[in-house]
Amino acid sequence: MKRLYFYTIFFVTLNIFTTNGQALPITEAFNYVAPSNLGGQGGWVNVNTGDEITVQAGSLSYTGLKLSTANSVGFAGSGFDPQLLFDAQSGNTVYASFIFRVTDLSTLTDPNGGYFAGFGQSTTVFGGTVWLRTAGAQFNIGINKATSVAENTWLPTNFDTNTDVFVVIAYDLAVGESRIWVNPAAGDLEAVSPPTPDGTANLNTTRTSLSRFFLRQDSTTETPSIVFDELRIGTDWASVTPQNTASLEDKFKNGFVVFPNPAVNGFVNITSASQSPKNIHVYDVLGKLLIKHTISNTRLNIQNLKAGVYILRVEQDGHTETKKLVIR
Numbered sequence: 001m002k003r004l005y006f007y008t009i010f011f012v013t014l015n016i017f018t019t020n021g022q023a024l025p026i027t028e029a030f031n032y033v034a035p036s037n038l039g040g041q042g043g044w045v046n047v048n049t050g051d052e053i054t055v056q057a058g059s060l061s062y063t064g065l066k067l068s069t070a071n072s073v074g075f076a077g078s079g080f081d082p083q084l085l086f087d088a089q090s091g092n093t094v095y096a097s098f099i100f101r102v103t104d105l106s107t108l109t110d111p112n113g114g115y116f117a118g119f120g121q122s123t124t125v126f127g128g129t130v131w132l133r134t135a136g137a138q139f140n141i142g143i144n145k146a147t148s149v150a151e152n153t154w155l156p157t158n159f160d161t162n163t164d165v166f167v168v169i170a171y172d173l174a175v176g177e178s179r180i181w182v183n184p185a186a187g188d189l190e191a192v193s194p195p196t197p198d199g200t201a202n203l204n205t206t207r208t209s210l211s212r213f214f215l216r217q218d219s220t221t222e223t224p225s226i227v228f229d230e231l232r233i234g235t236d237w238a239s240v241t242p243q244n245t246a247s248l249e250d251k252f253k254n255g256f257v258v259f260p261n262p263a264v265n266g267f268v269n270i271t272s273a274s275q276s277p278k279n280i281h282v283y284d285v286l287g288k289l290l291i292k293h294t295i296s297n298t299r300l301n302i303q304n305l306k307a308g309v310y311i312l313r314v315e316q317d318g319h320t321e322t323k324k325l326v327i328r
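If you use my numbering, the sequence shown corresponds to residues 1 to 328, in order.
See the structure below:
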């Protein structure tokens, strides 16, 4: 007798979840409810254990920088180290900018200081770390290619507590170098190319890729009380240093004033609402450059120019105007 067997086959689908980072550029304004824990919000993932980094009301500022005016975060001592994941980068340069304020320096007693922010290749492999150490009643800022204290590059300027400090860092994955800029000039914000860095670090282990930005609560002796705000991450200088276009428009709402025009005494005055140096170019009507000069006041010497019509181009704080100049 033949028996028939019926088999029921179950197909089990396995869903494998992977954590993908955000596409660059990223602007993190900490627009979360205050008070609340940062970990678990907006893509931030807590690493390690301890107390939370918390969202707090209010924001920090830096003159000339486009600001979000949302909230900020505060932390100190040891605890969770939130990490914000972004699309993995390799072979290029990754930039990040942020504003921070040290509100209490008294617990930063480790003579080597400690690092509180930077990039990550993984949850535990870091690069472009930003360090703090005490300098009397002030503090000092350092940059490191990885995390070994012996390889720190410390900047010469010291800073006061309860002062907003704007920092830009970069990690060049192509050459294996970290760079830092502290309080860059307003005229350098949103520039096509970055200015000369205030410090570089090219010793220590080179990271092959970067996929996250982290905040670190190391220990009670290495991490002072910090307020942190306005985080931006991108692959070029301009994306992490956006200008406050409203203030720029206010500064130049009346443009440059050129007088006397026509000029008759071998000089011309060029004024604006800004006190920054002005880069001056004077061309003839055929486009030949005749004068290239930077003035820190208002007066430009034009004694070597003959009577006629010229093209005057003025550059200041990222703003450029072209005017007609007549000499009699």
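All C-beta atoms, glycine included, are put in the ideal place defined by N, C-alpha and C. Just so it is clear, the structure is predicted and the values come from calculations on it, not from any experiment.
Contact the segment 265–277 vs the segment 292–303: 3+ CB pairs below 8 Å: Yes, the segment 265–277 is in contact with the segment 292–303.
Which of helix, strand or coil DSSP assigns to valine 55: Correct three-state label for valine 55: strand.
Residue from Asp51, Val73, Ser193, Thr208 whose Cα sits closest to the Cα of valine 33: Looking at the Cα atoms, Val73 is the closest of the given residues.
CB-CB length for leucine 85 against glutamine 22, believed under 8 Å: Rounded, the Cβ-Cβ distance is 7 Å, consistent with contact.
Length at least 4, wholly inside the segment 221–271: the alpha helix (DSSP H) runs in chain order: Segments of the alpha helix (DSSP H) lying fully in the segment 221–271: 237–240, 245–251.
Cutoff 6 Å; reference leucine 14; Cβ partners in own chain excluding five residues on either side: Its pLDDT being 29, under 50, leucine 14 is placed unreliably by the model, and nothing is read from it.
Own chain residues within Cβ distance below 6 Å of serine 178, not counting five before or after: The answer, listed in chain order, is Gly128, Ile143, Lys145, Tyr171, Ala201.
Classification of aspartate 317 by the beta-carbon crowding that lies within 10 angstroms, buried from 16 upward: Buried: at least 16 other Cβ atoms inside 10 Å.
Test item: CB-CB of threonine 93 and threonine 220 under 8 Å: Their beta carbons are not under 8 Å apart, which means threonine 93 does not touch threonine 220 by this criterion.
C-alpha distance - proline 262 paired with arginine 328, whole-angstrom precision: Using only the alpha carbons, I get a separation of about 6 Å.
Under the three-state DSSP convention, the category glycine 114 falls into: Residue state, collapsed to three classes: strand.
Stretch pair the segment 152–164 + the segment 133–142: three plus CB contacts closer than 8 Å: Touching, yes.
Helix, strand or coil at isoleucine 9 [DSSP, three-state]: The predicted model places isoleucine 9 with a pLDDT of 33, which falls under 50 and marks its position as unreliable; any figure quoted below should be read in that light. In the structure shown, isoleucine 9 sits in coil (DSSP, three-state: anything other than H, G, I, E or B).
Neighbourhood of isoleucine 311 by C-beta distance below 6 Å, restricted to the same chain and skipping five residues each side: Cβ neighbours of isoleucine 311 beyond the five flanking positions: Tyr283.
Selected residue, minimal CA-CA separation from leucine 305, among Gly266, Ser276, Phe214, Glu321: By alpha-carbon distance to leucine 305, the top candidate from Gly266, Ser276, Phe214, Glu321 is Gly266.
Length of the line joining the Cα atoms of lysine 66 and glutamate 230: Take the alpha-carbon of lysine 66 and the one of glutamate 230: they are about 9 Å apart.
Contact under 8 Å by Cβ, alanine 117 with leucine 215: Going by beta carbons, alanine 117 and leucine 215 fall inside the 8 Å limit.
Straight-line Cα distance separating glutamate 321 from phenylalanine 259: Going by C-alpha positions, phenylalanine 259 is about 15 Å away from glutamate 321.
Short Cβ contact (8 Å threshold) for valine 149 with asparagine 112: Taking 8 Å as the Cβ cut-off, valine 149 and asparagine 112 qualify as a contacting pair.
As assigned by DSSP and simplified to three states, the class of valine 192: Valine 192: coil per DSSP, three-state reduction.
Contacts around aspartate 110, its chain only, beta-carbon distance under 6 Å, and the 5 residues preceding and following it disregarded: Answer for aspartate 110: Thr221, Glu222, listed in chain order.
Continuous beta strand (DSSP E) stretch holding lysine 323: start and end: Note, lysine 323: beta strand (DSSP E), 319–327.
Under the three-state DSSP convention, the category alanine 170 falls into: DSSP, reduced to helix, strand and coil, places alanine 170 within a strand of the structure shown.
Rounded distance between the beta-carbons of glycine 64 and alanine 238, thought under 8 Å: Contact between alanine 238 and glycine 64 is absent: CB atoms are separated by about 14 Å, not below the 8 Å threshold.
Pairwise C-alpha distance: histidine 281 and glycine 120: It is roughly 45 Å from the alpha-carbon of glycine 120 to the alpha-carbon of histidine 281.
Contacts around glutamate 151, its chain only, beta-carbon distance under 8 Å, and the 5 residues preceding and following it disregarded: Within the same chain, glutamate 151 has close Cβ partners Asn144, Lys145, Ala201, Leu203, Asn204.
Short Cβ contact (8 Å threshold) for serine 61 with aspartate 160: Not a contact, by the Cβ cut-off of 8 Å.
Distance CB(glycine 91)-CB(leucine 24) smaller than 8 Å: Against a cut-off of 8 Å, the Cβ pair of leucine 24 and glycine 91 comes out as no contact.
Residues near arginine 313 by beta carbon distance below 6 Å, same chain, minus five either side: Correct list, in chain order: His281, Thr322.
Inter-residue spacing [alpha-carbon to alpha-carbon] between tryptophan 44 and proline 82: CA-to-CA, the gap between tryptophan 44 and proline 82 works out to about 6 Å.
Endpoints, the beta strand (DSSP E) within which alanine 135 is located: Where alanine 135 is concerned, the enclosing beta strand (DSSP E) stretches over 126–135.
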